[in-house]
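Enquirer: In terms of our numbering, the sequence shown opens at residue 145 and continues consecutively. In this text, a Cβ means the ideal position worked out from N, Cα and C, and glycines have one as well. A quick note: this is a predicted structure, and the numbers were derived from the prediction, not measured.
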Amino acid sequence: MKLRYLGHAAFEIKAKERIILIDPFLKNNPKSCAKPEDFEKADLIFVTHAHADHLGDAIEIASRTGAKIVAIYDIAQWLSEEYKVNAIGMNYGKANIEGLQVVMLPAWHSSSFEGKALGNACGFILGIEGKNIYHAGDTCVFSDMKLFAELYGIDVALLPIGGHFTMDVKQALKALELIKPKLAIPMHYNTWPLIQANAQEFKEKAKEIGVEVILLNPGERIEI
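Set out below in structure tokens:
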């Protein structure tokens, strides 16, 4: 399985023949390494909430490729009705989607699109090829993260560190203490001046608590 950082909070996961996207904000992303049209094929697109820097280009990609968008029920219904894309709605809980074990978890954040409130923000734990990948979405740190780890175990944690709208470095380090992943990758930082963060500091302090952090530039990928 290969995980590629696309910039901001966007990721691509290639697992065998399946292509999975998470929060594909590409076209208007100043740090993106890809464009929507680069994806001629996609199978599933996970959207953590409706803000433009996360819903991003999901509609365009899904409309062209036939990919199914997985989101909280309110967003999925809106996408199906307004844009006629194939969307799967769920709520906080566990589901089997296209053979993939998906846990939708709360995230402490708002969720709206152009002034229209659309459900609650979420994070996902995706069970892929025996590994659990946690994309926290946009959120502050909260103690229930410890329960997620106890229930499911987290191999890779994708955590925001940019502050202002999400966790900053200090909160993300506390999240690592709660989650205890085998590996962490920071996201949602340095896209704009408002969310500047010191990723190297995050990496060094994470090492002190026993968690390996890999810093990925947009376009870089790792084998999980």
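Hey, out of Lys-146, Tyr-217, Pro-337, whose CA is closest to Ala-194's CA?
Expert: Tyr-217
Enquirer: Would DSSP call Ser-254 helix, strand or coil?
Expert: coil
Enquirer: Less than 7 Å between C-beta atoms, sequence neighbours within five positions excluded: which residues of the same chain meet that for Gly-307?
Expert: Ile-339, Ala-341
Enquirer: Could you give the first and the last residue of the continuous alpha helix (DSSP H) run that contains Tyr-227?
Expert: 217-227
Enquirer: Jot down the residue ranges of each uninterrupted beta strand (DSSP E) in the stretch 287-340, minimum 3 residues, whole runs only, in chain order.
Expert: Taken in chain order, the whole beta strand (DSSP E) runs of length 3 or more contained in the stretch 287-340 are 300-304, 327-331.
Enquirer: State yes or no: is the C-beta of Ile-353 within less than 8 Å of the C-beta of Leu-320?
Expert: yes
Enquirer: With burial defined as no fewer than 16 other Cβ atoms inside 10 Å of the residue's Cβ, what is the status of Tyr-149: buried or exposed?
Expert: buried
Enquirer: DSSP beta-bridge partners for Arg-162?
Expert: According to DSSP, Arg-162 bridges with Ala-159.
Enquirer: Alpha carbon to alpha carbon, how far is Gln-245 from Glu-204? Give it in angstroms, no decimals.
Expert: 25 Å
Enquirer: For a test of the three-state rule: what should DSSP assign to His-279, helix, strand or coil?
Expert: Residue state, collapsed to three classes: strand.
Enquirer: Which residue wins for smallest C-alpha separation from Gly-210, given the options Gly-267, Cys-177, Leu-165?
Expert: Leu-165
Enquirer: State the CB to CB distance for the pair Ile-381 and Ala-202, rounded to an integer number of angstroms; the pair is presumed to be in contact (CB under 8 Å).
Expert: Residue 381 lies beyond the range of the chain shown here (145 to 368); nothing can be said about it.
Enquirer: Can you list, in chain order, the residues of its chain with a C-beta nearer than 6 Å to that of Ala-231? Leave out the 5 residues immediately preceding and following it.
Expert: Ile-213, Ala-220, Leu-223, Ser-224
Enquirer: Tell me, please, which residues DSSP counts as bridged to Leu-249.
Expert: Gly-267
Enquirer: When the Cα atoms are used, what is the spatial distance from Tyr-227 to Asn-235?
Expert: 21 Å
Enquirer: For a test of the three-state rule: what should DSSP assign to Ile-205, helix, strand or coil?
Expert: helix
Enquirer: Cutting at 7 Å between CB atoms, please list the residues of its own chain near Leu-262, excluding the five before and the five after it.
Expert: Ala-194, Asp-218, Ile-219, Trp-222, Ser-255, Ser-256
Enquirer: Assuming Lys-238 and Val-247 are in contact, meaning their beta carbons sit under 8 Å apart, how far apart are those beta carbons, in whole angstroms?
Expert: The C-beta separation of Lys-238 from Val-247 comes to about 5 Å, placing the pair in contact by the 8 Å criterion.
Enquirer: Determine the contact status of Met-145 and Ile-272, defining contact as a CB-CB distance below 8 Å.
Expert: yes
Enquirer: Starting from the C-beta of Ala-186, find all residues in its chain whose C-beta is less than 6 Å away, skip the five residues before and the five after it, and write them out in chain order.
Expert: Ile-163, Leu-165, Ile-205, Thr-209, Ala-211
Enquirer: Between which two residues does the alpha helix (DSSP H) harbouring Lys-349 extend?
Expert: Where Lys-349 is concerned, the enclosing alpha helix (DSSP H) stretches over 343-352.
Enquirer: Please classify Leu-244: does DSSP put it in a helix, a strand, or coil?
Expert: strand
Enquirer: Where do the N-terminal and C-terminal ends of the alpha helix (DSSP H) with Ala-196 fall, by residue?
Expert: Annotation for Ala-196: the continuous alpha helix (DSSP H) segment containing it runs 196-199.
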